[in-house]
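Residue numbers 22 to 405, in the working numbering, belong to the letters of the sequence shown in order.
Where is the CB? At the ideal position from N, CA and C, for every residue including glycine.
Single-structure report; data block below.
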Amino acid sequence: MEMIPDRLERAKFVAIAEKYVQNYMEGFQDDGYCTEGISYYNFGMAHYIVLREKLYRDTQGKIDLFRNNPKVRSIATFPQNIVIVNEVYPSIADCNMAAKPKPGILRYLGRELGLPLPFSKTPSLGNTDNVTTVYLDVYQNYAAEMDDSGDAGNPLRSYFEQSGILVVRDPKNRFGAALKGGHNAESHNHNDIGSYTIVSGKEKMVEDPGLIPYNIKSFTPERYTAFKSLGSYGHNVPFICGKTQSAGKNFMATNLSCSFSDRRDLFGMELSSAYEIPQLKESAREFDFDRKKLTLTVTDRFRFDSAQVFETAVTTRADVQVIDRKKIELSRNGESMTLTIHSSSNNYDIITEEITEGRTPYTRIAVRLRPETAGTVTLKYKVR
């Protein structure tokens, strides 16, 4: 490949890169949250690093995409803050359910920004046909020669306040959860306000469906109706009056509240703004994460102007055993969890459904209350 001979012409391409790469930065909140999850974080950040390094070297440091960019440090810590426990990450929106951050990215960011980011100490073998990965491998192996193997630790929680995302953990890495607020106009959005992922050990016991194979309808107006997994029906959020959440920035979690302590974290939100349902007057969800009891309690409180059907759901790839109408056992690769159901009226049905839209099927467990004007339903998960 030959270099463009005219220096001014080369400078024009550099100026274009500097200007339009800012669009990538705008995809992140100031708190560093990436709405597209770890999969797209890996893809975008790898290319951003290659561009930054190329411009930095070719201009002897005069152009540095990291300089004077207050978001960069927050964005660099996104992987260590979004991890739940034991290197298990939530598969929010169109994120691959097994995605993990690329070690080369963490090595590079940790070294260049002076941050104690966790990364693999094993150098890459270079087995790839992706030129971006090749560049990262070079930077990664260079960084491996340095003594910068920082330990990011394991805080009890990570709160992306601007984005409305809370990740909670117990101090022994036994149990953790990711809890989502936000709005329904995020990149690769799934209409998933109020959803959550629960991890026991190294297993996701309750989770989002994550990425399903794209087809001609994936990014059309039919996105949320042609697929159960891309709309709120395929998530562990309320299904109210037979209606799902609506798409758009105005459909959001409101009145977020939180109370944190070493023993337990409370996180609440109002979900009625996510639905276009005139009869719905209130749909409040509260998460109660208890580190001592190893429990997550999800309580929905609802109110209508007339008797209507309220339904909440559990989405899981664990094995499901319905013991009775109040108790369900979830098990997966040696991990197990008990789900206890309580309703203010005790007047509900349990309905299970297998959804097979993606590469790995998942089970949707619906707790459907019979028509009521107001009430509560509580799902309590406990590690066994």
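Mind checking whether residue i and residue j have CB atoms under 8 Å apart?
i      : j      : result
ALA295 : ALA334 : no
ALA67  : LYS123 : yes
LEU390 : SER364 : yes
ASN107 : LYS223 : yes
GLU133 : PHE196 : no
PHE281 : PHE308 : no
VAL227 : ILE219 : yes
GLU393 : ALA339 : no
GLU374 : PRO259 : no
ASN102 : SER179 : yes
THR336 : TYR383 : yes
LEU360 : ASP191 : no
VAL404 : SER112 : no
ILE261 : ILE298 : yes
CYS279 : LEU177 : no
Go through its chain and collect everything with a Cβ distance to residue i's Cβ below 6 Å, but skip five positions before and after it.
i      : result
ALA206 : GLY269, LYS270
GLY202 : GLY185, ALA274, LEU277, MET290
ASN368 : ARG391
GLN50  : GLN183, SER184
GLY252 : ASN212, TYR245, THR265
ILE84  : LEU76
PHE181 : ASP52, TYR54
ASN354 : GLU224
ALA395 : ARG324
ARG322 : ALA305, THR397
GLU166 : Note that GLU166 has pLDDT 44, beneath the 50 cutoff, so the model's placement of it is unreliable and the number below is only indicative. Same-chain partners within the cutoff: there are none.
LEU200 : LEU187, TYR217, PHE288, PHE308
VAL104 : TYR110
LYS238 : ALA247
Per DSSP, residue i is paired with what?
i      : result
THR337 : THR384
SER293 : None, per the DSSP bridge assignment.
GLY197 : ARG190, VAL220
GLY11  : Here the chain has residues from 22 to 405 only, and residue 11 is not among them.
LEU360 : ILE349, TYR402
ILE376 : TYR383
ASP370 : ARG389
THR318 : ASP309, LYS401
PHE99  : Answer is none; PHE99 lacks a bridge partner.
TYR129 : In the DSSP output, where bridge partners are listed per residue, TYR129 has none listed.
LYS225 : VAL220
GLN329 : GLU393
SER179 : VAL188
VAL343 : ILE349
HIS204 : MET273
Taking residue i and residue j to be in contact with their CB atoms under 8 Å, please state how far apart those CB atoms are, rounded to whole angstroms.
i      : j      : result
SER60  : ALA120 : 4 Å
GLN300 : ASP326 : 5 Å
ASP115 : GLU57  : 7 Å
SER216 : ASN257 : 6 Å
ARG346 : ILE372 : With a Cβ gap of about 11 Å, ARG346 and ILE372 do not count as contacting.
Closer than 7 Å by C-beta to residue i: which residues in its own chain qualify, once you throw out the five before and the five after it? Chain order, please.
i      : result
PHE99  : GLY53, TYR54, CYS55, TYR62
ASP168 : Residue placement at ASP168 cannot be trusted, given a pLDDT of 45 that sits under 50; what the coordinates show is reported in the next sentence. Once the five neighbours on either side are set aside, ASP168 has no close Cβ partner at all.
PHE310 : VAL189, ALA198, ARG285, ASP286, LEU317
ILE126 : ASN63, MET66, ALA67, ILE70, LEU157
LYS249 : GLY255, ILE376, GLU378
TYR45  : GLY65, TYR69
ALA36  : none
ASP27  : none
GLU356 : SER221, GLY222, GLU224, MET226
LEU29  : none
GLY263 : VAL330
Ignore the nearest five residues each way along the sequence and tell me which others in residue i's own chain have a CB closer than 8 Å to its CB.
i      : result
LYS302 : SER293, ARG324, PHE325, ASP326
ALA38  : LEU72, LEU76
ILE25  : ARG31, PHE34
SER352 : ALA339, ASP340, GLN342, MET358
VAL42  : TYR69, LEU72, LEU86
LYS313 : ARG284, ARG285
LYS92  : MET46, PHE49, ASP51, GLY53
ASN210 : THR56, ALA114, ALA268
GLN81  : none
ARG78  : none
Practice prompt. Would you mind listing the beta strand (DSSP E) stretches within the stretch 234-308 that are 3+ residues and don't spill past its ends, in chain order?
Written response: 269-273, 275-281, 285-291
Worksheet entry | Residue ranges of each alpha helix (DSSP H) within the stretch 34-66, 4 or longer | 43-47
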